[in-house]
Amino acid sequence: MVNPEHVQALREKHSTLERRIDTENQRPHPDDVRIAELKKKKLQLKDEISRLEH
Numbered sequence: 002m003v004n005p006e007h008v009q010a011l012r013e014k015h016s017t018l019e020r021r022i023d024t025e026n027q028r029p030h031p032d033d034v035r036i037a038e039l040k041k042k043k044l045q046l047k048d049e050i051s052r053l054e055h
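Using the numbering used here, the first residue of the sequence shown is number 2, and each one after it goes up by one.
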């Protein structure tokens with residue numbers, strides 16, 4: 002059974018990563034490696050959320 006609080010926590014982490022990516026992209030010299038790491042984590046969270054909901 003899916004725990005709604007767990008899914009919500011994952012969504013909040015996903016949103017936080019999205020904000021961190023946006024912040025990094027707005028820097029004068031964005032760190033491409035850091036952005037790639039954040040995007041990978043964000044995608045992993047998205048996949049986990051999707052798996053739990055379906």
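All C-beta atoms in this analysis are idealised placements derived from N, C-alpha and C, irrespective of residue type, glycine included.
Pairwise C-alpha distance: residue j and residue i
i: K14; j: Q45; result: 11 Å
i: V3; j: Q9; result: 11 Å
i: K43; j: E54; result: 17 Å
i: E12; j: A37; result: According to the sequence displayed, residue 12 carries Arg and not Glu. If I take the Cα positions, the gap works out to 19 Å.
i: R35; j: P5; result: 30 Å
i: I22; j: H7; result: 23 Å
i: R41; j: D32; result: Residue identity check: residue 41 is Lys in the sequence provided, not Arg. Approximately 14 Å between the Cα atoms of the pair.
query = Touch check for the stretch 44 to 53 and the stretch 23 to 30: three-plus C-beta pairs under 8 Å?
reply = Too few Cβ pairs lie closer than 8 Å, so no.
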